[in-house]
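Novice: Each protein sequence line maps, in turn, to chains A and B.
Counting from 39, one number per residue, gives the positions in the first sequence under our numbering.
Counting from 724, one number per residue, gives the positions in the second sequence under our numbering.
Quick one: the structure is below, and I'll ask about it shortly.
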Amino acid sequence: DTGVSQDPRHKITKRGQNVTFRCDPISEHNRLYWYRQTLGQGPEFLTYFQNEAQLEKSRLLSDRFSAERPKGSFSTLEIQRTEQGDSAMYLCASSGNLESYEQYFGPGTRLTVT
Amino acid sequence: TQLLEQSPQFLSIQEGENLTVYCNSSSVFSSLQWYRQEPGEGPVLLVTVVTGGEVKKLKRLTFQFGDARKDSSLHITAAQPGDTGLYLCAGDSNSGYALNFGKGTSLLVTP
């Protein structure tokens, strides 16, 4: 399968713990995006990478959130000191340079903070 | 933020019926995407429209981009239970990188 993959698919954690999610984009795509989706809403943009450079961050990305893409391939999203309000589906997407608006999504990581 | 409003929010129909869902905005988009999402999964890209007035067909699905590139519609002919899902429209943001999504239309097709 050459689509976007995400790991883990599900994560249950206690409030105050740190969690890290991984995203592997489509191999030839140099653009990578993180979104968050809560129940009844469409995905909301969090951050964007072109190769290893993080070029844009949403105001939704508080100081407790950090994302990296160290070698321009896979990316990680870390949430420190999780809160119940962080419970959501975290989606990763990737796109190529020429048609960057065509973003292909992974299956998501469902985070539940208890 | 360029807002996209989708209607209806929920739609329940029987197999074989036709339906249309709408995606409207007061903003102009250079492109607009339609996705379908099933519970617990990520959105799957169905189509991209870029030209005002453009019509694209994907089997029983017909997508139209408004002439002014502010709105779009998705028409499904002879709906099947496999069409059940959340239909999301998304447009490019001012930054040119992020997509702005509507809240989606949740479609249920019963046999």
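Note that the Cβ used here is the ideal one computed from N, Cα and C, for glycine as well.
Can you tell me where the beta strand (DSSP E) with F733/B in it begins and where it stops?
Specialist: Locating residue 733/B in the second sequence gives position 10, counting from the first residue. Unbroken beta strand (DSSP E) run through F733/B: 733 to 737.
Novice: Any chance you could list the beta strand (DSSP E) runs of at least 3 consecutive residues sitting entirely within the region 741 to 770 of chain B, in chain order?
Specialist: The qualifying runs are 742 to 747, 755 to 760.
Novice: Distance, Cα to Cα, G789/B vs K779/B?
Specialist: Counting from one through the second sequence, the residue named residue 789/B turns up at place 66. Counting from one through the second sequence, the residue named residue 779/B turns up at place 56. Going by the C-alpha atoms only, they are around 12 Å apart.
Novice: Using a Cβ-Cβ distance under 8 Å, would E106/A count as near chain B?
Specialist: Your numbering for residue 106/A matches position 68 in the first sequence. No, no contact with chain B.
Novice: Roughly how many whole angstroms lie between the Cα atoms of L77/A and E761/B?
Specialist: If you number the first sequence from 1, residue 77/A lands on position 39. If you number the second sequence from 1, residue 761/B lands on position 38. Their backbone Cα atoms lie some 13 Å apart in a straight line.
Novice: Count the other C-beta atoms from every protein chain shown that fall within 10 angstroms of the C-beta of N823/B, then say buried if there are 16 or more, exposed otherwise.
Specialist: By 1-based counting over the second sequence, the position of residue 823/B is 100. It counts as buried.
Novice: What is the C-beta distance between H67/A and S113/A, in whole angstroms, given that I count them as a contact (C-beta under 8 Å)?
Specialist: Locating residue 67/A in the first sequence gives position 29, counting from the first residue. Locating residue 113/A in the first sequence gives position 75, counting from the first residue. At roughly 11 Å, the Cβ-Cβ gap does not stay under 8 Å, so H67/A and S113/A are not in contact.
Novice: According to DSSP, is G775/B helix, strand or coil?
Specialist: Position 52 of the second sequence, counted from the start, is the residue given in the question as residue 775/B. If DSSP states are grouped into helix, strand and coil, G775/B belongs with coil.
Novice: Note down, in chain order, every chain E residue with its Cβ under 9 Å from the Cβ of F824/B.
Specialist: Annotation note: the requested chain E is absent from the structure, which comprises protein chains A and B.
Novice: Considering Cα atoms alone, identify which of S111/A, G80/A, R60/A is closest to T147/A.
Specialist: As a position in the first sequence, residue 147/A is number 109, starting the count at 1. Checked all of S111/A, G80/A, R60/A; the closest Cα to T147/A is R60/A.
Novice: Could you give the DSSP three-state label for D62/A: helix, strand or coil?
Specialist: Along the first sequence, read from residue 1 onward, the residue named residue 62/A stands at position 24. Looking at D62/A - three-state DSSP - the assignment turns out to be strand.
Novice: According to DSSP, what are the bridge partners of R119/A?
Specialist: Stepping through the first sequence from its first residue, residue 119/A is reached at position 81. In DSSP, R119/A forms no bridge with anything.
Novice: If the cut-off is 9 Å on Cβ atoms, which residues from the region 798 to 821 of chain B count as contacting chain A, listed in chain order?
Specialist: If the cut-off is 9 Å between Cβ atoms, the region 798 to 821 of chain B has L809, L811, C812, A813, G814, D815, S816, S818, G819, Y820, A821 near chain A.
Novice: For K109/A, is the classification buried or exposed, using 16 other Cβ atoms within 10 angstroms of its Cβ as the cut-off for buried?
Specialist: Translated into positions along the first sequence, residue 109/A becomes position 71. Exposed, by the Cβ-count rule.
Novice: Using beta carbons (cut-off 8 Å, strictly below), is S754/B in contact with chain A?
Specialist: One-based indexing of the second sequence puts residue 754/B at position 31. Closer than 8 Å to some Cβ of chain A, the Cβ of S754/B qualifies, so yes.
Novice: Which one or two residues does DSSP pair with E728/B in a beta bridge?
Specialist: In the second sequence, the residue the question calls residue 728/B occupies position 5. Per DSSP, N747/B.
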